[in-house]
Amino acid sequence: MTTRPGRRVTPRSDASDRGPAADRVAEADRVPEVARLGKLLLAGRSPALRSWAAESLAERGLVGAYAYLRHALWDPDEGVRESAVRAVGALSVRQSAGELAALYAWSGPRLRRAVLHAVGRIGYRSDFDGILGLARRDPDPKVRALAGRALRAAGTPRRS
Numbered sequence: 005m006t007t008r009p010g011r012r013v014t015p016r017s018d019a020s021d022r023g024p025a026a027d028r029v030a031e032a033d034r035v036p037e038v039a040r041l042g043k044l045l046l047a048g049r050s051p052a053l054r055s056w057a058a059e060s061l062a063e064r065g066l067v068g069a070y071a072y073l074r075h076a077l078w079d080p081d082e083g084v085r086e087s088a089v090r091a092v093g094a095l096s097v098r099q100s101a102g103e104l105a106a107l108y109a110w111s112g113p114r115l116r117r118a119v120l121h122a123v124g125r126i127g128y129r130s131d132f133d134g135i136l137g138l139a140r141r142d143p144d145p146k147v148r149a150l151a152g153r154a155l156r157a158a159g160t161p162r163r164s
């Protein structure tokens, strides 16, 4: 690209030079893909496809994907629910505490462990006290150990 005779201007291609406006444009470019994956997550015919969609949403890194993931937490297939929980944790969706607490309360040990891993990735918040309190009294020793680890990592006081 040339601006005037003899002076050459090269376009910037370094991502660190783009600035906030370019970042917003790049994020906007991913939104249609998130919508497509979200629809696949909610309406895909096979559990494997829905699980893949949840994992793909997490890879995109947009917290807006939670609009789809929160519905997948109630998928009939446990594997899809687990993938959705992992995606919520990977995206560090803080407003997920209510849904994760409800899911924790009626799930089996495998999904309860996945919820605790997600809570650990999101980081301690008082919103998660309910989940952690239940987990400390869980019959599964692995779940209790994960809860203790999460509480110690957060530096929170232990409650019985």
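So for the sequence shown, my numbering puts the first residue at 5; every next one is plus one. In this text, a Cβ means the ideal position worked out from N, Cα and C, and glycines have one as well.
Classification of residue i by the beta-carbon crowding that lies within 10 angstroms, buried from 16 upward
i, result
"Leu-53", "exposed"
"Gly-93", "buried"
"Glu-103", "buried"
"Val-67", "exposed"
"Ser-96", "exposed"
"Arg-129", "exposed"
Residues near residue i in its chain [Cβ-Cβ closer than 7 Å; skip 5 each side]
i, result
"Ser-169", "With the chain running from 5 to 164 in the structure shown, residue 169 is simply not present."
"Leu-45", "Arg-54, Ala-57, Ala-58, Leu-61, Tyr-72, Ala-76"
"Ala-30", "With a pLDDT of 48 at Ala-30, under the threshold of 50, the predicted position of this residue should be treated as unreliable, and no value is reported."
"Ala-122", "Val-89, Arg-90, Val-92, Gly-93, Leu-104"
"Val-84", "Pro-51, Arg-54, Ser-55, Ala-58, Ala-76"
N- and C-terminal bounds of the alpha helix (DSSP H) containing residue i
i, result
"Ala-57", "51–64"
"Asp-133", "133–140"
"Pro-113", "113–126"
"Val-89", "82–95"
"Ala-69", "Ala-69 -> no alpha helix (DSSP H), and no H or E assigned at all."
"Trp-110", "101–110"
Nonlocal neighbours in the same chain, by C-beta distance under 6 Å from residue i, ignoring five residues either side
i, result
"Ala-4", "Nothing about residue 4 can be read from this structure; the chain reaches only from 5 to 164."
"Ala-101", "Asp-131, Phe-132"
Alpha-carbon to alpha-carbon, residue j and residue i
i, j, result
"Arg-156", "Leu-107", "23 Å"
"Asp-27", "Asp-142", "For Asp-27, the predicted structure reports a pLDDT of 46, less than 50, and the residue's modelled location is therefore unreliable. The matter cannot be settled from this model."
"Arg-49", "Trp-78", "15 Å"
"Glu-37", "Gly-65", "12 Å"
"Val-147", "Gly-134", "14 Å"
"Ser-87", "Arg-153", "22 Å"
"Ala-139", "Ala-39", "34 Å"
"Ala-151", "Pro-51", "29 Å"
"Asp-81", "Gly-127", "27 Å"
"Ala-118", "Ser-111", "10 Å"
"Leu-115", "Ala-47", "22 Å"
"Asp-144", "Ala-109", "13 Å"
Heavy atom of the ligand SAM within 6 Å of residue i beta-carbon
i, result
"Val-89", "This structure lacks the ligand SAM, and indeed carries no ligand of any kind."
Own chain residues within Cβ distance below 8 Å of residue i, not counting five before or after
i, result
"Gln-99", "Tyr-70"
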